[in-house]
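Each residue of the sequence shown is one higher than the one before, counting from 41 in this note's numbering. By construction, the Cβ of each residue, glycine as well, lies at the ideal position given by its N, Cα and C atoms. Here is the structure we will look at.
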Amino acid sequence: MITSKVFVKKTKRGAVVKTVREHYLRDDILCGSAVCTECPEPSTCLEAVPSSKSELCSSPHYIVPDTNVVIHQIDVLGESAFKNVVILQTVLEELRHRHSPAYNKLREVISNADRHFYAFTNEHHRETYIERNPGESSNDRNDRAIRVAVKWYQDHLKLSDPTGDIKVVLLTNDKENSNKAEEEGLNVFTFADYVKGMKQFPSLVDKLAQVNMNAKNDGHEFVAGKRKFLYPEHWKLSKIQDGVKAGTLAQGKFQASRENYLEGNVFIGGEDEKDAKSVFIQSRKHLNRAVHGDIVAVQILPEDQWTCPSSMVLEDKTKNPDADKDVDEEKLLKKKASLKVLSGTIVGIIKRNWRPYCGILQPPSIKGQGTSYLFVPSERRIPKIRIQTRQGDKLLSQRIIVSVDSWPRDSMYPQGHFVQSLGETGEKDTENQVLLLEHDIPHQPFSKAVLDCLPELPWLILDKDVAVRRDLRDVAVCSVDPPGCTDIDDALHCRKLENGHFEVGVHIADVSHFIRPGTAIDLEAAMRGTTVYLVDKRIDMVPELLSSNLCSLRGNEERFAFSVIWEMTSEAKILRSSFFKSIIKSKAALTYAEAQMRIDDKSLNDDVTTSLRLLNTLAKLLKRQRIENGALSLASTEVRFAMDTETHDPIDVEKKELKETNSMVEEFMLLANISVAKRIHEEFPDCALLRRHPSPALSNFEPLIKAGLSKGFNLQVDSNKALAESLEACVVTSNPYFNVMLRMVATRCMAQALYFSSGVLPYAEYFHYGLAVPIYTHFTSPIRRYSDVIVHRLLAVAIGADVTYPDLVDKKRTQELCNNLNYRHKQAQYCGRASVNLYTHIFFKEKTVEEEGYILFIRENALQVLLPRFGLECTLYLHSKNSEEESIFTYDEQGPTQTAEGVTLHQFDPVTVQLHIDNTNVQHQKTVLKLVQPQIPGFSVAPLPLEPSAKKRKKSAK
Numbered sequence: 041m042i043t044s045k046v047f048v049k050k051t052k053r054g055a056v057v058k059t060v061r062e063h064y065l066r067d068d069i070l071c072g073s074a075v076c077t078e079c080p081e082p083s084t085c086l087e088a089v090p091s092s093k094s095e096l097c098s099s100p101h102y103i104v105p106d107t108n109v110v111i112h113q114i115d116v117l118g119e120s121a122f123k124n125v126v127i128l129q130t131v132l133e134e135l136r137h138r139h140s141p142a143y144n145k146l147r148e149v150i151s152n153a154d155r156h157f158y159a160f161t162n163e164h165h166r167e168t169y170i171e172r173n174p175g176e177s178s179n180d181r182n183d184r185a186i187r188v189a190v191k192w193y194q195d196h197l198k199l200s201d202p203t204g205d206i207k208v209v210l211l212t213n214d215k216e217n218s219n220k221a222e223e224e225g226l227n228v229f230t231f232a233d234y235v236k237g238m239k240q241f242p243s244l245v246d247k248l249a250q251v252n253m254n255a256k257n258d259g260h261e262f263v264a265g266k267r268k269f270l271y272p273e274h275w276k277l278s279k280i281q282d283g284v285k286a287g288t289l290a291q292g293k294f295q296a297s298r299e300n301y302l303e304g305n306v307f308i309g310g311e312d313e314k315d316a317k318s319v320f321i322q323s324r325k326h327l328n329r330a331v332h333g334d335i336v337a338v339q340i341l342p343e344d345q346w347t348c349p350s351s352m353v354l355e356d357k358t359k360n361p362d363a364d365k366d367v368d369e370e371k372l373l374k375k376k377a378s379l380k381v382l383s384g385t386i387v388g389i390i391k392r393n394w395r396p397y398c399g400i401l402q403p404p405s406i407k408g409q410g411t412s413y414l415f416v417p418s419e420r421r422i423p424k425i426r427i428q429t430r431q432g433d434k435l436l437s438q439r440i441i442v443s444v445d446s447w448p449r450d451s452m453y454p455q456g457h458f459v460q461s462l463g464e465t466g467e468k469d470t471e472n473q474v475l476l477l478e479h480d481i482p483h484q485p486f487s488k489a490v491l492d493c494l495p496e497l498p499w500l501i502l503d504k505d506v507a508v509r510r511d512l513r514d515v516a517v518c519s520v521d522p523p524g525c526t527d528i529d530d531a532l533h534c535r536k537l538e539n540g541h542f543e544v545g546v547h548i549a550d551v552s553h554f555i556r557p558g559t560a561i562d563l564e565a566a567m568r569g570t571t572v573y574l575v576d577k578r579i580d581m582v583p584e585l586l587s588s589n590l591c592s593l594r595g596n597e598e599r600f601a602f603s604v605i606w607e608m609t610s611e612a613k614i615l616r617s618s619f620f621k622s623i624i625k626s627k628a629a630l631t632y633a634e635a636q637m638r639i640d641d642k643s644l645n646d647d648v649t650t651s652l653r654l655l656n657t658l659a660k661l662l663k664r665q666r667i668e669n670g671a672l673s674l675a676s677t678e679v680r681f682a683m684d685t686e687t688h689d690p691i692d693v694e695k696k697e698l699k700e701t702n703s704m705v706e707e708f709m710l711l712a713n714i715s716v717a718k719r720i721h722e723e724f725p726d727c728a729l730l731r732r733h734p735s736p737a738l739s740n741f742e743p744l745i746k747a748g749l750s751k752g753f754n755l756q757v758d759s760n761k762a763l764a765e766s767l768e769a770c771v772v773t774s775n776p777y778f779n780v781m782l783r784m785v786a787t788r789c790m791a792q793a794l795y796f797s798s799g800v801l802p803y804a805e806y807f808h809y810g811l812a813v814p815i816y817t818h819f820t821s822p823i824r825r826y827s828d829v830i831v832h833r834l835l836a837v838a839i840g841a842d843v844t845y846p847d848l849v850d851k852k853r854t855q856e857l858c859n860n861l862n863y864r865h866k867q868a869q870y871c872g873r874a875s876v877n878l879y880t881h882i883f884f885k886e887k888t889v890e891e892e893g894y895i896l897f898i899r900e901n902a903l904q905v906l907l908p909r910f911g912l913e914c915t916l917y918l919h920s921k922n923s924e925e926e927s928i929f930t931y932d933e934q935g936p937t938q939t940a941e942g943v944t945l946h947q948f949d950p951v952t953v954q955l956h957i958d959n960t961n962v963q964h965q966k967t968v969l970k971l972v973q974p975q976i977p978g979f980s981v982a983p984l985p986l987e988p989s990a991k992k993r994k995k996s997a998k
């Protein structure tokens, strides 16, 4: 059966257009119940005798939740206690448009046969489809459609069960919908009442979302008697839209400050875009309940109300880290008028970006206070959340997950509900789980559908493979990687040609051979985006059979590769390039140290060693050419942990030492990426996946310029070449580490490098500022980066080694993919750093170490101190010994300097500090520094007594 509806509308030019909408209705849609004898086919999705779980309905029954129940209570519905649930098409469609996280979770539950959830397409069933009445809102129409479907189920099941033992229960929190359901003779309950009746599952009550479902506004406002409102009322969405259209309001993404929870910025035009405008937001009133990541409407304040970020670093108070006591905003937010920046106030929330948050419960001030607790998120930029739980005593020692439900105007904190426990606070497995969840790292085991895409073992190279690939198994190819590396992406070779030139080859694992477009493994890799490296584990982008075996270019094993071959002169000038699929057999899988030893050992002259020496010589020439072209050599701190083989605890930590072979591999990887970028852009000018590094805004360089002037250097930042030359000239003979620190400051001035589709930007914006090249991409790590898989596919099509497919040549789809890859890459970086931080705390636990360092930055109330031996950067707060509030230091922002008792501390000055871990705050354990040298009366501490081994080291150093 087909129903049709005719719509007539007038276009802007005055023409009248008639549109006919056809809607197909069917009689053969199954109800899904195993008890049914009326449907044309038997079904077992809904059990014949559903068990009753709630005391509100003692009869066996099926449950039908409405849309708002699913949106707000998905954490409870997702529990295994809920079975035999009918999810209507009306609910699914509305959910898909309104709340994609809940939609995805519900689809996952529906796909689990053990849960007995049944998706019923009521919108295409002849007896349950309804038209929208004149004057009826879409929400009222959907509520009516749900009631009609429930009534149909009730009548339909009676035909097979005349006794009427099996009921159908509608769960809704909407009072009007509930009243109408009762009038129509339906069994209806509120979701909270139904769950409270499930006495055998008492923990479910804690997971109930605390929401006011009948509010007539945005769901975040309500009048609460005569209680004082703490925040301005949010504007209605219609008023916001009018304001944005008129230009009196702007919309953008809110980013809370990491150092001061009373500050943040709204980025208008995209947070990663070069031309994005930032509006500074300060104080609770102007933040107005915005949470990090929300899309908000912001109104620019009059210029006399503009302010600027605080130079204070807010410190966790170790004695009572989670006290409710309000802070003195005036003291924290005092500013100098000369530093004012564009400032605004948030007037409304356009889209909440709430997610489940990891954290701990704050201990109650009064023991046995009841069920109300404050939850303290791990992410410092998220406010505390008020939850209700009857498991408080048990959960106080655990890491838990909490979801936000609402944020009323009269509440200092948002309201939420408990979701699940992750384990005991402080345990490594628990803390690693928190890291992955907080950084949104997909880490679930690979599904059966993904694993089914893997090749069967034993995997063999067949004659048909040899026929379409160049056989390089006799070439002296080798790989050079960090110790313990099992996902070996790349290998190299170099040999001298008869004409005196050199043949240089980069061979990259041919991952795209095993991952075909559109397959389950391809979709999973695209979603994950990148492999994530933690200190003690690796979260693979692809299953281990590929990452550590079939795609890994292991020593003395035959593997498929994608090769780039250059003919070079002895001056490293490229004469010609070629790209092809190959078969290689690596002659050695070396570490950087092993490769360096071969190069340095003059007694070794085998093919692999000779190849390495040639590669090293050419790499030095390539690096010199890059630097002459303006490429930047920047610096950052990286540490390496030595782990106990049994406990997996760190037993030593040190800064990573780079060798010539590190630079050698880097140069040829860069060259391969540049060569491939040019080739795929020639073939696909509108849809090549490339990587750009935007030029930083000149204002970004102010901290660097200031840092250089502090030592008498006038840094030029007009171009990357000028900056590179200026940095090279900044040498202080009395401080050999000064140049490294200055380059670290320069690194922080840089913009983020981004993946993009070539068709969405002009060629001038392809430029990679850091590498000083006009075009660049990622080709050399397809095992751990999905961007490289796409680039492999583009290159394969360009050389005729593979065929194209629609998404590959669609610039919009490529850009959508790039947006996800940029996000995943950034989150993986943050997660890796957080893992290093976690293991640093474990290593220094119950230790006090005295170490030499340098002042990297000077703040109003603190020093950022770099400890080169450990690659650590820590904060030294400038409190006096007897007070956490007062300080004997005088801060000069122009210097910048800190002065106390006649001693002046400058940026980059050497210091000696004592370091230990303060674990008073179990969630945010931190490194605590105390100054030893220079000696400042009333502030510095006495040196630690030297151990015998330390005395020997100090004596030998002299």
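| query | Can you name the residues that DSSP bridges to His511? | reply | First, the amino acid is wrong: residue 511 is Asp here, not His. Ile623.
| request: Using beta-carbon positions only, say whether Asn162 and Ala142 come within less than 8 angstroms of one another. | output: no
| the stretch 710-730 touching the stretch 834-854, judged by at least three CB pairs closer than 8 angstroms | yes
| task | For Pro690, count neighbouring Cβ atoms within 10 angstroms of its own Cβ and tell me buried if that reaches 16, exposed if not. | result | Under a 10 Å Cβ-count criterion, Pro690 is classified as buried, with 16 or more other Cβ atoms of the shown protein chains found around its own Cβ.
| message | For a test of the three-state rule: what should DSSP assign to Leu248, helix, strand or coil? | response | coil
| task | Name the two residues that bound the continuous beta strand (DSSP E) containing Ile389. | result | Gly384 to Lys391
| query | Near Asn213, what residues of its chain come up, given a Cβ to Cβ distance below 7 angstroms and the 5 sequence neighbours on each side ignored? | reply | Once the five neighbours on either side are set aside, the close Cβ partners of Asn213 are Asn108, Val109, Thr230, Phe231 and Met253.
| Does DSSP put Gly410 in a helix, a strand or coil? | coil
| message | Let me check understanding here. Comparing Cα to Cα, which of Arg138, His881 and Ser99 lies closest to Val575? | response | His881
| message | Looking only at its chain, what residues have a beta carbon closer than 7 angstroms to the beta carbon of Glu222, apart from the 5 residues adjacent to it on each side? | response | Val228
| field | Per DSSP, the bridge partner or partners of Gly304 | value | Ala296 and Ile321
| Residues of its chain near Leu984, where Cβ-Cβ distance is below 6 angstroms and the 5 sequence neighbours each way are ignored | Glu890
| message | Assuming the contact rule is C-beta atoms closer than 8 angstroms, Phe554 and Cys591 should be a hit. Round their C-beta distance to whole Å, please. | response | Yes, they are in contact, since the Cβ atoms of Phe554 and Cys591 sit about 7 angstroms apart, within 8 angstroms.
| query | CA-CA distance, Arg825 and Asp233? | reply | 49 angstroms
| According to DSSP, what are the bridge partners of Thr347? | Val381.
| query | From Ile624 to Arg731, what does the alpha carbon distance come to, in whole angstroms? | reply | 28 angstroms
| task | State buried or exposed for Gly942, treating a residue as buried only when at least 16 other CB atoms are found within 10 Å of its CB. | result | exposed
| Under a Cβ-count criterion, where at least 16 other Cβ atoms within 10 Å of its own Cβ denotes burial, should Ser446 be classed as buried or exposed? | buried
| Would the beta-carbon of Phe796 fall within 8 angstroms of that of Cys871? | no
| task | Apply the 10 Å Cβ neighbour rule to Asp932 and answer buried if 16 or more other Cβ atoms are within range, or exposed otherwise. | result | exposed
| Using the beta-carbon count (16 or more within 10 Å), is Ser759 buried or exposed? | Counting Cβ neighbours within 10 Å, Ser759 comes out exposed, since fewer than 16 surround it.
| message | Quick check: what's the CA-CA separation for Asp258 versus Lys276? | response | Only weak support is given to the placement of Asp258: the predicted model assigns it a pLDDT of 35, under 50, and the value that follows is read from those uncertain coordinates. Distance between the alpha carbons of Asp258 and Lys276: 7 angstroms.
| query | What residue does the beta strand (DSSP E) around Trp606 start on, and which one ends it? | reply | Glu598 to Met608
| field | Beta-bridge pairing of Phe229 - partner residues as DSSP gives them | value | Leu211
| Run through DSSP, which three-state label would Tyr917 get? | strand
| Sufficient close CB pairs (3 or more, under 8 angstroms) joining the stretch 465-483 to the stretch 283-294 | By the Cβ rule, the stretch 465-483 does not count as touching the stretch 283-294, because fewer than three pairs are nearer than 8 angstroms.
| Closest Cα partner of Asp282 within the set Ala337, Ile321, Glu273 and Lys236 | Ala337
| query | Leaving out the 5 sequence neighbours to the left and right, which residues in its chain are closer than 8 angstroms to Lys391 when beta-carbon positions are compared? | reply | Asp334 and Ile335
| query | Who are the Cβ neighbours of Asp480 in its own chain at under 6 angstroms, not counting the five residues just before and after it? | reply | Gln867
| task | Within its chain, find whatever has a CB closer than 8 angstroms to the CB of Gln665; leave out the 5 residues flanking it on each side and keep chain order. | result | Ala612
| field | Proximity of His156 and Ile69 at Cβ, strictly below 8 angstroms | value | no
| Any idea what DSSP makes of Lys314, helix, strand or coil? | A caution first: Lys314 carries a pLDDT of 48, below 50, which makes its placement in the model too unreliable to give a value.
| said: Since Asp530 and Ser519 should fall inside the 8 angstroms C-beta cutoff, what is the C-beta to C-beta distance between them, to a whole number of angstroms? | reply: 7 angstroms
| query | Can the beta-carbon of Leu210 be found less than 8 angstroms from the beta-carbon of Leu226? | reply | yes
| task | Taking 8 angstroms as the threshold, find out whether the stretch 177-193 comes into contact with the stretch 80-88 through three or more Cβ pairs. | result | Taking one beta carbon from each stretch, the stretch 177-193 and the stretch 80-88 have fewer than 3 pairs nearer than 8 angstroms; the two do not touch.
| message | Using CA atoms only, rank isn't needed, just tell me which of Ser673, Lys699, Ala804 and Glu478 is closest to Leu782. | response | Ser673
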